[in-house]
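Visitor: Just so we're aligned, residue 166 is where the sequence shown starts under this note's numbering, counting upward by one. Can you read through this structure? Questions will come right after.
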Amino acid sequence: MNEIYKTGNDYIGYEYKELVVEKKQVSFYLDGFENFGWEIDNRQPEIVESNKHGKTVIRLKRDRKIMNKAELTRLQRNFEDCMKQMDSLENSKTSLATVVALIIGILGTAFIACSVFAVTHEPPLILLCIILAIPGFVGWIAPFFVYKRLALNKARALAPLIEKKQDEIYEICEKGHKLLV
Numbered sequence: 166m167n168e169i170y171k172t173g174n175d176y177i178g179y180e181y182k183e184l185v186v187e188k189k190q191v192s193f194y195l196d197g198f199e200n201f202g203w204e205i206d207n208r209q210p211e212i213v214e215s216n217k218h219g220k221t222v223i224r225l226k227r228d229r230k231i232m233n234k235a236e237l238t239r240l241q242r243n244f245e246d247c248m249k250q251m252d253s254l255e256n257s258k259t260s261l262a263t264v265v266a267l268i269i270g271i272l273g274t275a276f277i278a279c280s281v282f283a284v285t286h287e288p289p290l291i292l293l294c295i296i297l298a299i300p301g302f303v304g305w306i307a308p309f310f311v312y313k314r315l316a317l318n319k320a321r322a323l324a325p326l327i328e329k330k331q332d333e334i335y336e337i338c339e340k341g342h343k344l345l346v
C-alpha cells in the first residue's frame, strides 16, 4: 500500500507495514523498526489492541525512496527472524514443565478414580482405597512444584541463548541505524 504526499515541490511516497505483536514487546519492536527507517503512522491510531488475546497492532510507514532500501530490508528480515527465534525460546521455557505437570496431574486423577472405585466396591476395599488415594493426592499436589522447578531450570539453561539472541538483534539494529545516518 502506497501513499504520496505533496509538500511544496517534494513528493514523498510511503510504504506501510502492520505488525501484530505481544503487548510486552511493543517497545522492543518499535525501537528495532526505527533502525530500518520505519516510523509510527500518525494518521492511524498509534497502537491498538488486536483481536488476538494479548496482542497489539502497530502501524508503521517509511519513505519508499529511502537510501540503502535493499540492505535495510535484508536487515529487517533478519531482525524479524531473530525476534521469532527469541519468542520460541521464551515459549520453550515452560512447555516441557507444562507437559510434565499435566501428566503427573492426570496420573494423580487416575489414582483418585481407582481409589473411589475401591471404596464403592461391594464390599468396600478401604485399605486399597487409602493406598490408591495417597499417590492420587501427591499427584494433585506435586505438579505445582514440579512445574516451578522445571520452568526455573529451563529458564536458567536458556538465559545465555536468549542473551546471545538479543546481542545479535542489537548488532542488526546498529547496522541498520548506520545505514540511515
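We put the beta carbon where it would ideally sit given N, CA and C, even for glycine. The structure presented is a predicted model; accordingly, all values stated were derived computationally and were not measured.
#1: Using DSSP with H/G/I as helix, E/B as strand and the rest coil, what is Asp-246?
#2: Please report the straight-line C-alpha distance between Cys-294 and Lys-313, rounded to a whole angstrom.
#3: Excluding the 5 residues flanking Asn-200 on each side, which residues of the same chain have their C-beta closer than 6 Å to its C-beta?
#4: Find the nearest neighbour of Asp-332 within the set Gln-190, Met-248, Val-281, judged by alpha-carbon distance.
#5: Reducing DSSP to helix, strand and coil, say where Gly-178 ends up.
#6: According to DSSP, simplified to helix, strand and coil, what is Val-346?
#7: I'd like to confirm the pairing. Which residues does DSSP put opposite Lys-226 in its beta bridges?
#8: Using a Cβ-Cβ cutoff of less than 8 Å, which residues in the same chain neighbour Leu-254 once the five nearest sequence positions on both sides are dropped?
#9: Report yes if the CB atom of Val-222 is closer than 7 Å to the CB atom of Val-185, and no otherwise.
Guide: Well, looking at it:
#1: helix
#2: 30 Å
#3: Cys-338, Gly-341, His-342
#4: Met-248
#5: strand
#6: coil
#7: Tyr-181, Glu-204
#8: Leu-323, Leu-326, Ile-327, Lys-330
#9: yes
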